[in-house]
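**Q**
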Amino acid sequence: MRKICLLGATGSIGKSCIDIVRQFPQQFRFTTLSAHANIEDLYSLARRLKPRSAVISAVEDIEEWRRRFHKIGVELQQGMPALEEAAADTEFDVLVNAIVGAAGLKSTLAAIQNGKTIALANKETLVAAGELVMSAARKHNAAIIPIDSEHSALWQCLVGENIDQVERLILTASGGPFRDKPKSFFRKVTVAQALNHPNWDMGAKITIDSATLMNKGLEVIEAYWLFGLKLEQISVVIHPQSIIHSMVEFVDSSIKAQIGLPDMRVPIQYALTYPQRLLNKLPRLNFIEFNTLTFFEPDTVTFRCLQLAFDALAEGGTAAAVLNAANEEAVRAFLGEKIRFDQIPHLIEEALQNHSNHRSVTLENIMQSDSWARNFVRKNQ
Ligand code: NAD
Ligand code: MG
């Protein structure tokens, strides 16, 4: 029986994780569940899944709720420090980090310090602080297993292989809902259009990131830190069907791909059972139904965010923390209808140009750059 601390239980990844865990009641059990603002949802999950504790990070007045949780045998904690404490708990075996944004960073670090295994969906953690997170993980012997479908695919392709014999990683991207659109179209994009992803049903922030291709940019940075290869060894190909989840090319020209229907429950289950595989009831891919797989070069001029991510990674230091935080704020502003869709890359680029880079990537410097970038975007939007 593996005990799981699930942060971000009420989100899209959180719900898929719960779905998988419920299919394997003999193998997994939740010790802690967290949510940011939706306390009703957290309560109904707690009633169903009976964790030992629950954390609500944003809601303040919780006395009445604390009593209600107590009645169902669940201890309710409140606030961001409580989230970190939950992640630092020694009671669980795996931390599933399904929080959205750099807000997930400190919890990941807390779990790493206890040498816990981390099933990581929260890619922003690695984008903002990849160097810090990976060196802490090595120091404390904590495994970080990716949930992101591309990285899970790469991970699966690399099982049994020698990383020194990898020529390059090929990340696939659906291209999002605006793959074929000209740049002029981006001025008029509505929130509803940008939230309508062709292949995946995800949280709002990552759905917008998929429409700007920033999601792929964040994933390039995520892959760089997870697999420790050179930036030149990471490439992106547009593959609109999202059937090949990513590929590894080896020095002998052989390529391995991981293939399946686009369903996040697959990489979530793999992260929880690795290195084993368990029989499940998920739908199987029928090749005859998906008999056309196509591939295109990404257009980094129209989709500027992807280029900005490559540039921030090449710059190093705290540039990627700025890229990430500026993107989070710009996406928030777009979702709140305060800026246009085509302003997202501009705001990020301006933040990167105006930021004074901290070459040494301490947690303090990362947090400082993160809040500087957020303020910059808020002031300039
Ligand atoms: P979501 O918005 O659906 O859910 C986010 C969860 O985090 C919610 O439970 C919310 O309560 C919590 N949360 C939000 N802000 C928080 C904060 N400031 N502090 C603490 N908790 C907070 O998001 P999602 O789509 O499930 O994505 C979660 C993470 O997984 C993201 O990093 C995303 O990039 C990554 N991811 C998601 C998918 C997907 O299919 N949804 C695929 C790959 C990677
Ligand atoms: Mg992905």
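Numbered per this note's numbering, the sequence shown spans residues 147 to 527.
Ideal Cβ positions, reconstructed from N, Cα and C, are used throughout, including at glycine.
State yes or no: is the C-beta of D294 nearer than 7 Å to some heavy atom of ligand 2?
**A** Walking along the sequence shown from the start, residue 294 turns up at place 148. Result yes, Cβ under 7 Å from ligand 2.
**Q** In chain order, what residues of the same chain lie with their CB nearer than 6 Å to the CB of P413, ignoring the 5 residues before and after it?
**A** Numbered from its first residue, the sequence shown carries residue 413 at position 267. These residues qualify, in order along the chain: I293, S295, S298.
**Q** Please list the terminal residues of the continuous alpha helix (DSSP H) segment that includes K525.
**A** As a working mapping, residue 525 is identified with position 379 in the sequence shown. Where K525 is concerned, the enclosing alpha helix (DSSP H) stretches over 509-526.
**Q** With 16 other CB atoms within 10 Å as the buried threshold, where does N521 fall?
**A** The sequence position of residue 521 within the sequence shown is 375, counting from 1. Exposed.
**Q** Return the CA-CA distance between A340 and G157, expressed in angstroms with no decimal places.
**A** Residue 340 sits at position 194 when you count from the first residue of the sequence shown. Residue 157 sits at position 11 when you count from the first residue of the sequence shown. Straight-line Cα distance between these residues: approximately 19 Å.
**Q** DSSP state of P105, grouped into three classes?
**A** Residue 105 is absent from the structure shown; the chain starts at 147 and stops at 527.
**Q** Do you know offhand how far L304's Cα is from I390's?
**A** Along the sequence shown, one-based indexing puts residue 304 at 158. Along the sequence shown, one-based indexing puts residue 390 at 244. For L304 and I390, the distance between alpha carbons rounds to 15 Å.
**Q** Consider the Cβ of I159: report whether some Cβ of chain D lies at a distance smaller than 8 Å.
**A** Reference to chain D is not applicable here, since this structure consists of a single protein chain.
**Q** Where do the N-terminal and C-terminal ends of the beta strand (DSSP E) with V201 fall, by residue?
**A** Position 55 of the sequence shown, counting from 1, holds the residue named residue 201. Segment 199-202, the beta strand (DSSP E) holding V201.
**Q** For R411, which residues from the same chain have a beta carbon less than 7 Å from its beta carbon, with the 5 sequence-adjacent residues on both sides left out?
**A** Reading the sequence shown from its first residue, position 265 is the one you call residue 411. Within the same chain, R411 has close Cβ partners S162, D165, I166, L428.
**Q** Is I159 close to ligand 1? I mean its beta-carbon at under 7 Å from any heavy atom of the ligand.
**A** On the sequence shown, residue 159 is found 13 positions in, with the first residue counted as 1. Under cutoff, so the answer is yes.
**Q** Any heavy atom of ligand 2 closer than 7 Å to the Cβ of E270?
**A** As a first step, residue 270 is located in the sequence shown; it is residue number 124 there, counting from the start. E270: no, Cβ never under 7 Å from ligand 2.
**Q** What whole-angstrom Cβ distance do Q387 and L439 have, given they're in contact under 8 Å?
**A** As a position in the sequence shown, residue 387 is number 241, starting the count at 1. As a position in the sequence shown, residue 439 is number 293, starting the count at 1. Between L439 and Q387 the Cβ distance is about 6 Å, and since that is below 8 Å, they are a contact.
**Q** Answer yes or no: do A228 and V205 have a C-beta to C-beta separation smaller than 8 Å?
**A** Residue mapping note: residue 228 aligns to position 82 of the sequence shown, counting from 1. Residue mapping note: residue 205 aligns to position 59 of the sequence shown, counting from 1. No.
**Q** Is H391 helix, strand or coil by DSSP?
**A** The residue you call residue 391 lines up with position 245 of the sequence shown. It is a strand residue.
**Q** Under 8 Å by Cβ, that's how I've got A479 and H501 pegged, so tell me the actual separation to the nearest angstrom.
**A** By 1-based counting over the sequence shown, the position of residue 479 is 333. By 1-based counting over the sequence shown, the position of residue 501 is 355. The pair is not a contact, with the Cβ atoms about 18 Å apart (cut-off 8 Å).
**Q** Say yes only if the C-beta of N500 is nearer than 7 Å to one or more non-hydrogen atoms of ligand 4, and no if none qualify.
**A** Because ligand 4 does not appear in the structure shown, any question about it cannot be addressed here, the ligands present being ligand 1 and ligand 2.
**Q** With DSSP run on the structure shown, which of helix, strand or coil describes L359?
**A** Locating residue 359 in the sequence shown gives position 213, counting from the first residue. In this structure, L359 counts as coil in the three-state DSSP scheme.
**Q** Classify Q223 as helix, strand or coil using the three-state DSSP reduction.
**A** Here residue 223 refers to the residue found at position 77 of the sequence shown. Strand.
**Q** Could you check if M410 belongs to the surroundings of ligand 1, using beta carbon to heavy atom distance under 7 Å?
**A** Residue numbering aside, residue 410 sits at position 264 when the sequence shown is read from its first letter. Checking the Cβ of M410 against ligand 1 gives yes.
**Q** Is the number of C-beta pairs between the segment 490-499 and the segment 447-462 that are closer than 8 Å three or more?
**A** Yes, the segment 490-499 touches the segment 447-462.
**Q** Nearer than 7 Å: is that true of the beta carbon of H343 relative to any heavy atom of ligand 1?
**A** On the sequence shown, residue 343 is found 197 positions in, with the first residue counted as 1. No, the beta carbon of H343 sits no closer than 7 Å to any heavy atom of ligand 1.
**Q** Quickly, what does DSSP pair Q502 with across the bridge? List them, please.
**A** Reading the sequence shown from its first residue, position 356 is the one you call residue 502. At residue 502 the sequence reads Ser, which differs from the Gln that was named. In the DSSP output, where bridge partners are listed per residue, S502 has none listed.
**Q** What are the boundary residues of the beta strand (DSSP E) that L241 is part of?
**A** Translated into the one-based positions of the sequence shown, residue 241 becomes position 95. Counting along the chain, the beta strand (DSSP E) containing L241 begins and ends at 240-243.
**Q** For P197, count the other beta carbons within 10 Å of its own beta carbon; 16 or more makes it buried, fewer makes it exposed. Which is it?
**A** Here residue 197 corresponds to residue number 51 of the sequence shown, with the count starting at 1. Per the 10 Å Cβ criterion, buried.
**Q** Would you check whether ligand 2 has a heavy atom nearer than 7 Å to the C-beta of E277?
**A** Taking the sequence shown and counting its residues from 1, one reaches residue 277 at position 131. Checking every heavy atom of ligand 2 against the Cβ of E277, none is found closer than 7 Å.
**Q** Near G154, which residues of its chain fall below 6 Å by C-beta distance, leaving aside the five closest residues on each side in sequence?
**A** Indexing the sequence shown from 1 puts residue 154 at position 8. Within the same chain, G154 has close Cβ partners G160, A244, I245.
**Q** Does the segment 168-176 touch the segment 415-426, meaning 3 or more C-beta pairs lie closer than 8 Å?
**A** As far as the Cβ criterion goes, the segment 415-426 touches the segment 168-176, which means the pair count is three or higher.
**Q** Could you give the DSSP three-state label for I405: helix, strand or coil?
**A** Counted from its first residue, the sequence shown places residue 405 at position 259. Three-state DSSP puts I405 in a strand.
**Q** Let's see if you can read the secondary structure: which residues bound the beta strand (DSSP E) around I316?
**A** Here the question's residue 316 lines up with position 170 in the sequence shown. Looking at the DSSP string, the run of the beta strand (DSSP E) that includes I316 is 312-319.
**Q** With distance defined between alpha-carbon atoms, name the residue in H286, T353, V312, G306 nearest to A319.
**A** Counting from one through the sequence shown, the residue named residue 319 turns up at place 173. A319 has its Cα closest to that of T353, out of H286, T353, V312, G306.
**Q** Sort F433, E461, G321, N470 by Cα distance to F441 and report the nearest one.
**A** As a working mapping, residue 441 is identified with position 295 in the sequence shown. Closest by alpha carbon: G321.
**Q** From the DSSP output, in three-state form, read off L300 for me.
**A** As a working note, residue 300 is residue 154 in the sequence shown. Correct three-state label for L300: helix.
**Q** Could you give the residue range of the alpha helix (DSSP H) that holds L377?
**A** Locating residue 377 in the sequence shown gives position 231, where the first residue counts as 1. Taken as a continuous stretch (DSSP letters only), L377 belongs to no alpha helix (DSSP H), as it is neither H nor E.
**Q** So does the segment 265-277 actually touch the segment 366-377, counting three or more Cβ pairs closer than 8 Å?
**A** At 8 Å Cβ cutoff, the stretches touch.
**Q** Can you list, in chain order, the residues of its chain whose CB lies under 8 Å from that of L459, leaving out five sequence neighbours each side?
**A** Position 313 of the sequence shown, counted from the first residue, corresponds to residue 459. Contacts found: V366, I367, Y370, L377, A465, A466.
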